[in-house]
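In this note's numbering, the protein residues as written are 1171 to 1537.
Since the structure comes first, as structure tokens, the remarks are kept for the end.
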Ligand SMILES: [Fe+2]
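This is the structure:
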């Protein structure tokens, strides 16, 4: 592999353009983020972690995903990108300041690489101690979340569980690529990403990858980027989802699920389950514009020494446990089209079942 232009440290935020911002503000509050800053045209939301913001949307003529921002360890990384792509290093005028360069990936997604951004003061959240069958760490202390049963309140004529998740940070994005291999190569060569899992499609060729940051012997998230060759022609369709780590653990994710469910205003895309590739517990919710956002917790961490693994379509789609993956998963579309799209196409587990049946029949025929 070529020496990459730089090796970015982590993802910081996702950037969207939206026709109107009020509904999105409401959604992000329910989702468990906090408004960090807003001006006439933009909203900036943060988590409890140290990033000044993890989500930004600016008012514009379309609802679309613009791109993602990444953290560079050194100013020299910005200089290397600036030289390679012939783009300027600019002072960042948004919260956190510092400098950045913006380059465009093969699918037209803006990739901002930032250095020198001021960190925000993390918001303290008390971690809960869990007792398991094997290990009893909590004694003489009752397990309570938020206001306990008083989190249930009547809103109008329905019960709403008021405690939302507490989003800590943005952990990754998943994108649909016109050419998955070109995207994987680009993120490896430009940002230094390593391939955690090479995803092998039904026809035996690569349909994309889960990629992580190369920080040497420092363990990082199993994936900061998931590039897949799914249907999509760029623009809004290039966006698969953004995955945000919750501050605490499983209960933080579960609380958010029941909050979103009982608020009853948003489309539940998939979950709750436990992925195989990356191992996170996951829960996916569409925002009012059809963009999918994920709560996740307890993901795998790995350093640069772990080799790439080849993983089949089953590993990608079936998860370790959880509900069936919907056939709309990873595809951005208006909310009012989702049910129709789901009904019009075969289910993914159904497709895998047929593929495996056909492969078995072929093997039996040959023997
Ligand atoms: Fe994800």
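For each residue, glycine too, the CB sits at the ideal point set by N, CA and C.
In DSSP terms, what residue i is bridged to
i            : result
residue 1443 : 1452
residue 1213 : 1208 and 1227
residue 1471 : 1391
residue 1482 : 1370
residue 1323 : 1330
residue 1285 : 1269
residue 1173 : Residue 1173 pairs with nothing; no bridge assigned.
residue 1459 : In the DSSP output, where bridge partners are listed per residue, residue 1459 has none listed.
residue 1280 : 1237 and 1274
residue 1491 : 1444
Residue i to residue j span [Cα, whole Å]
i            : j            : result
residue 1452 : residue 1266 : 29 Å
residue 1462 : residue 1349 : 22 Å
residue 1229 : residue 1198 : 16 Å
residue 1205 : residue 1241 : 21 Å
residue 1232 : residue 1302 : 48 Å
residue 1505 : residue 1460 : 5 Å
residue 1273 : residue 1255 : 7 Å
residue 1203 : residue 1217 : 5 Å
residue 1399 : residue 1313 : 44 Å
residue 1471 : residue 1447 : 11 Å
residue 1420 : residue 1456 : 20 Å
residue 1222 : residue 1294 : 15 Å
residue 1413 : residue 1441 : 13 Å
residue 1382 : residue 1388 : 12 Å
residue 1261 : residue 1522 : 49 Å
residue 1468 : residue 1535 : 43 Å
residue 1269 : residue 1308 : 46 Å
residue 1177 : residue 1282 : 13 Å
residue 1480 : residue 1320 : 48 Å
residue 1354 : residue 1379 : 7 Å
residue 1490 : residue 1525 : 19 Å
residue 1503 : residue 1187 : 15 Å
residue 1286 : residue 1252 : 16 Å
residue 1190 : residue 1346 : 25 Å
residue 1364 : residue 1386 : 11 Å
residue 1500 : residue 1410 : 4 Å
residue 1376 : residue 1369 : 6 Å
residue 1225 : residue 1184 : 5 Å
residue 1358 : residue 1477 : 14 Å
residue 1531 : residue 1395 : 36 Å
residue 1533 : residue 1372 : 16 Å
residue 1339 : residue 1520 : 35 Å
residue 1195 : residue 1289 : 23 Å
residue 1437 : residue 1484 : 25 Å
residue 1422 : residue 1220 : 19 Å
residue 1509 : residue 1431 : 17 Å
residue 1360 : residue 1175 : 5 Å
residue 1317 : residue 1341 : 28 Å
Local conformation of residue i per DSSP, three classes
i            : result
residue 1341 : strand
residue 1274 : strand
residue 1180 : strand
residue 1263 : coil
residue 1616 : Because the chain in this structure spans residues 1171 to 1537, residue 1616 falls outside the shown range and cannot be described.
residue 1238 : strand
residue 1430 : helix
residue 1331 : strand
residue 1346 : strand
residue 1507 : helix
residue 1357 : helix
residue 1190 : coil
residue 1532 : helix
residue 1254 : helix
residue 1515 : coil
residue 1197 : helix
residue 1309 : coil
residue 1415 : strand
residue 1464 : strand
- Where in the segment 1360-1413 do unbroken runs of the beta strand (DSSP E), each at least 3 residues long, occur, reported from the N-terminal end onward? 1364-1370, 1376-1382 and 1395-1398
- Message: So if I measure from each beta-carbon to every heavy atom of ligand 1 and keep distances below 5 Å, which residues remain?
- Response: Answer in sequence order: 1413 and 1464.
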